[in-house]
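This report refers to the structure that appears directly beneath it.
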Amino acid sequence: MNLNAKRWSAGAVLILGGLAWAANASALMSGNAFEGRANILTLKGSPFGRTLAVAMRGPVDVYWHQGEAHHVSGPGNDAHDCANCSTHDAACEEHTPGGTADMREAVNGTKTVDPPRWSLRTFALDQIADWRKAFYTRTNPFGSTKMHEAYIMSETEKRLRLSYEMDPGNFAAYGSYFLFLSEALSAWEKEERRDEVHRRARSAALQLSYQTIQVCRGRQDDPAALLTAAVAAHDHANLLIGTRTAEGLERARRFVAIQDACLREFGALRERLESAGQWERIPSQRLLEMDLQEDLLRKYLQANIDYLNSKASRQTTKSITSPSTS
138 MNLNAKRWSA GAVLILGGLA WAANASALMS GNAFEGRANI LTLKGSPFGR
188 TLAVAMRGPV DVYWHQGEAH HVSGPGNDAH DCANCSTHDA ACEEHTPGGT
238 ADMREAVNGT KTVDPPRWSL RTFALDQIAD WRKAFYTRTN PFGSTKMHEA
288 YIMSETEKRL RLSYEMDPGN FAAYGSYFLF LSEALSAWEK EERRDEVHRR
338 ARSAALQLSY QTIQVCRGRQ DDPAALLTAA VAAHDHANLL IGTRTAEGLE
388 RARRFVAIQD ACLREFGALR ERLESAGQWE RIPSQRLLEM DLQEDLLRKY
438 LQANIDYLNS KASRQTTKSI TSPSTS
């Protein structure tokens, strides 16, 4: 074989190899296989990671609202106009049954909130909040472009996902990420692509809620995680009910039963901790939040059962029993 033939053969091999690499890389990129999610210093799932999951809630909220922290409107609160809040407000109300209880009481005039005393810690936190707001606030007088909106959505999704991965059992971290996937993504898309994006977002939300159930039910010694599992089961069932198909309703019944089981497990764990004198060691604010979450979840559970039983009675299919009150 002469020199030219060798060169042509080598060139052909390189071209074929490049084409094969491009074809496989395209498939891997579509499946996010190149996106690294390393657990640096094993933070994800660790006690430090759980603390970071709580600490990240404020920064993500400021970033999403482009410099403005989200807050409750009313006396002493200047409500801001935010195009991102159309579905965000109503949806967050469902996933925070108690996180803003004190604020609601203060707004309604049923509770007086004393102004905090000055301290170095409070001063430092206020300064950090001001710097964060200044860093993310838009200064462009013109409206956001579609490319900028897409960038904001992408970065917000990364932050919410990281917060969730730090602690999948955190009620707020899971709820914020789930709502972003199920509501915000489709609401921001153009009309012609909204159905496609909604299907993909719904599939991602279903996968997230199912994964959360599996992870949180493995934490049988964590009452907050069991409540998060119940929330995930409720969300999964609601998405299936929204399909309005016989198969979707049948699958929804199974996840309603899982929600009931999670609440039973939470009640049993609570009794064990109370008998051992460990329940009172949980911070009082956290106990209040869990009580409100449990109460709201039981109401959601009963509402889903009533709806599915009414559908079953019309379709002459089997019904499901009401949950226990224990």
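The number in the working numbering is simply the position in the sequence shown, starting from 1, with 137 added.
For each residue, glycine too, the CB sits at the ideal point set by N, CA and C.
Quantities reported herein were computed from a predicted structural model and do not represent experimental measurements.
Does the count of Cβ pairs from the segment 254-273 and the segment 147-163 closer than 8 Å reach three? Counting C-beta pairs closer than 8 Å gives fewer than three between the segment 254-273 and the segment 147-163, which falls short of the contact rule.
Taking just the CA atoms, how far does N161 sit from P420? Your numbering for residue 420 matches position 283 in the sequence shown. Your numbering for residue 161 matches position 24 in the sequence shown. Their Cα atoms are separated by approximately 52 Å.
Reference E384; option with closest CA among E302, K448 and R356: Counting from one through the sequence shown, the residue named residue 384 turns up at place 247. Looking at the Cα atoms, K448 is the closest of the given residues.
Identify whether C255 lies in helix, strand or coil by the three-state DSSP scheme. Locating residue 255 in the sequence shown gives position 118, counting from the first residue. As written in the sequence, residue 255 is Trp, which differs from the Cys given in the question. Residue state, collapsed to three classes: coil.
Own chain, CB closer than 8 Å to N441, minus 5 neighbours either side, in chain order: By 1-based counting over the sequence shown, the position of residue 441 is 304. If we look at N441 and ignore the five residues flanking it on each side, its Cβ neighbours are H371, A374, N375, I378, A389, V393 and Q396.
Can you tell which of D428, S300, S319 and G414 has its C-alpha closest to the C-alpha of L363? If you number the sequence shown from 1, residue 363 lands on position 226. If we check each option's Cα against that of L363, D428 comes out closest.
Flag this pair as touching only if the segment 345-361 and the segment 305-314 have three or more C-beta atom pairs under 8 Å; answer yes or no. Cβ pair count under 8 Å is three or more, so yes.
Need the endpoints of the alpha helix (DSSP H) that T293 sits in, please. For this step, residue 293 is matched to residue 156 along the sequence shown. Segment K283 to M303, the alpha helix (DSSP H) holding T293.
On the CB-based measure, 16 or more other CB atoms within 10 Å of its CB, does F403 come out buried or exposed? Counting from 1 along the sequence shown, the entry for residue 403 is found at position 266. Note on F403: 16 or more other CB atoms within 10 angstroms of its CB, so buried under the neighbour-count rule.
Beta-carbon contacts of Y288 that lie in its chain and below 6 Å, excluding the five residues immediately before and after: The count along the sequence shown starts at 1 and reaches residue 288 at position 151. Excluding its 5 nearest sequence neighbours in each direction, Y288 has no C-beta neighbour in its own chain below 6 Å.
T349 and T365: beta carbons closer than 8 Å? Locating residue 349 in the sequence shown gives position 212, counting from the first residue. Locating residue 365 in the sequence shown gives position 228, counting from the first residue. Yes, Cβ-Cβ distance for T349 and T365 is below 8 Å.
Near A398, which residues of its chain fall below 6 Å by C-beta distance, leaving aside the five closest residues on each side in sequence? Reading the sequence shown from its first residue, position 261 is the one you call residue 398. The answer is none, since no qualifying residue turns up.
Which same chain residues, not among the five before or five after C229, have their C-beta less than 6 Å away from its C-beta? Looking up residue 229 in the sequence shown gives position 92. Residue placement at C229 is flagged as unreliable, the pLDDT there being 49, under the threshold of 50; the coordinate-derived value follows with that caveat. Annotation for C229: no residue places its beta carbon closer than 6 Å to its own, counting only its chain and skipping 5 residues before and after.
Could you name the residues of the same chain whose beta carbon sits closer than 7 Å to that of S407, not counting the 5 residues immediately before and after it, in chain order? The sequence position of residue 407 within the sequence shown is 270, counting from 1. This sequence places Arg at residue 407; Ser is not what is there. Sequence-distant partners of R407 (beyond 5 residues in either direction) whose C-beta falls short of 7 Å from its own C-beta, in its chain, are P360 and W416.
Using a threshold of 8 Å, state whether the C-beta atoms of S319 and R339 are closer than that. As a first step, residue 319 is located in the sequence shown; it is residue number 182 there, counting from the start. As a first step, residue 339 is located in the sequence shown; it is residue number 202 there, counting from the start. S319 places its beta carbon less than 8 Å from that of R339.
Apart from the five residues just before and just after L299, which ones in its own chain have a Cβ nearer than 8 Å to its Cβ? Walking along the sequence shown from the start, residue 299 turns up at place 162. Answer for L299: M193, listed in chain order.
Where Q430 falls, given that 16 or more other Cβ within 10 Å makes a residue buried: Locating residue 430 in the sequence shown gives position 293, counting from the first residue. By the 10 Å Cβ count, Q430 comes out buried.
At which residues does the alpha helix (DSSP H) containing A366 begin and terminate? Taking the first residue of the sequence shown as position 1, residue 366 is located at position 229. Looking at the DSSP string, the run of the alpha helix (DSSP H) that includes A366 is P360 to I378.
Cβ pair L400, A367 closer than 8 Å: Reading the sequence shown from its first residue, position 263 is the one you call residue 400. Reading the sequence shown from its first residue, position 230 is the one you call residue 367. Contact flag set, yes.
Are the beta-carbon atoms of F317 and E294 separated by less than 8 Å? Counting from 1 along the sequence shown, the entry for residue 317 is found at position 180. Counting from 1 along the sequence shown, the entry for residue 294 is found at position 157. Going by beta carbons, F317 and E294 fall inside the 8 Å limit.
What whole-angstrom Cβ distance do L189 and L178 have, given they're in contact under 8 Å? The sequence position of residue 189 within the sequence shown is 52, counting from 1. The sequence position of residue 178 within the sequence shown is 41, counting from 1. Wrong, their Cβ atoms sit about 11 Å apart, outside the cutoff.
Could you tell me how far apart the beta carbons of Y314 and L297 are, in whole angstroms, since I believe they sit closer than 8 Å? As a first step, residue 314 is located in the sequence shown; it is residue number 177 there, counting from the start. As a first step, residue 297 is located in the sequence shown; it is residue number 160 there, counting from the start. With 8 Å as the limit, Y314 and L297 qualify as a contact, their Cβ atoms being about 4 Å apart.
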